[in-house]
Amino acid sequence: RQMYEGIKEFVRNAVQANFDISPRDSKVIRIADLGCSVGPNTFYAVQSIIDAMCSTPSISQLAPAVPEFQVFFNDQIGNDFNMLFNSLRLLECRYFVAGVPGSFYERIFPTASIHFFNSAVALHWLSKAPVGASNKGRIHYYGGGPSVQAAYMNQFQADMRAFLESRAKELVEGGLLSLLF
């Protein structure tokens, strides 16, 4: 939460300056949190994004008829979504919630369906161990030779390309993508 608190103002400013969706065109604003895990930080981040969107002129001038928000929480299939959703009972959410299990290195949403993507401290995880990275059982490249570092770099580049290509197809025109590494 402390890390997101540090960029909260940046996200708010980015949303207010760049979020360009007419609520008249979309009765539901869809947000996806990619790599959400199970902790409360994901709710804090999403609520900050919604608050920023509600303060944009295009939405705030519609009060009290603010559009509905639908939030998709995405993480690996092994994530305990039950724990995440049980935590929701403790909050007063102003949005509809769905879990989307699967790798964010692939398409996970329909074309042009998401208005805002958020991913915080998740993209540093690779989709798989790099091919040809013999690093004596370590899960990182630190201390590995040039061939190990190259293998990790190649995997990261392939993953980022797949991630960005997928999000480009899923993001609505005028939508935003927020990445925190």
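For what it's worth, our numbering labels the leading residue of the sequence shown as 1, then goes sequentially.
Note that beta-carbon positions come from the ideal geometry of N, C-alpha and C, so glycine has one too.
query	result
Buried or exposed: Met53, going by 16 or more other Cβ atoms within 10 Å of its Cβ?	buried
What residue does the beta strand (DSSP E) around Phe96 start on, and which one ends it?	96-101
How long is the line joining the alpha carbons of Asn120 and Phe10, rounded to whole angstroms?	First, the residue type needs correcting, since residue 120 is Ala and not Asn in the sequence shown. So the alpha carbons of these two residues sit roughly 14 Å apart.
Thinking C-alpha only, which one of Leu176, Phe43, Val172 is nearest Arg94?	Phe43
Taking DSSP as the reference, what is the three-state secondary structure of Gly6?	helix
I'd like the span of the beta strand (DSSP E) that includes Asn71, first residue to last.	According to the sequence shown, residue 71 is Val rather than Asn. Val71 -> beta strand (DSSP E) spans 68-75.
Is it the case that the Cβ atoms of Val28 and Val46 are separated by a distance below 8 Å?	no
Could you spell out where the alpha helix (DSSP H) holding Asn86 opens and where it closes?	81-88
I need the DSSP call for Asp20, collapsed to helix, strand or coil.	coil
Determine the burial state of Ile77: buried for a count of at least 16 other Cβ atoms within 10 Å of its Cβ, exposed for fewer.	exposed
Is DSSP giving Ser178 helix, strand or coil here?	strand
Give me, in chain order, the residues of the same chain whose beta-carbon lies closer than 8 Å to that of Glu106; leave out the 5 immediate sequence neighbours on both sides.	Ala162, Ser166
Give me the Cα-Cα distance between Tyr152 and Pro130, rounded to the nearest whole angstrom.	6 Å
Indicate the three-state DSSP secondary structure (helix, strand or coil) for Ser37 in the structure shown.	coil
So Ser55 is in the alpha helix (DSSP H); what residue range does that whole segment cover?	Counting along the chain, Ser55 falls outside any alpha helix (DSSP H), and DSSP gives it neither H nor E.
May I have the straight-line CA-CA distance separating Asn82 from Asp75, to the nearest angstrom?	12 Å
Please identify the residue among Gly39, Thr56, Gly144, Glu173 whose C-alpha is closest to the C-alpha of Phe117.	Glu173
Could you spell out the range, first to last residue, of the alpha helix (DSSP H) harbouring Ala120?	Unbroken run through Ala120 is the beta strand (DSSP E), 114-120; no alpha helix (DSSP H).
For Asp159, collect the residues of the same chain with a Cβ closer than 7 Å to its Cβ; drop the 5 residues on either side in sequence, then sort them by chain order.	Tyr105, Leu126, Ser127
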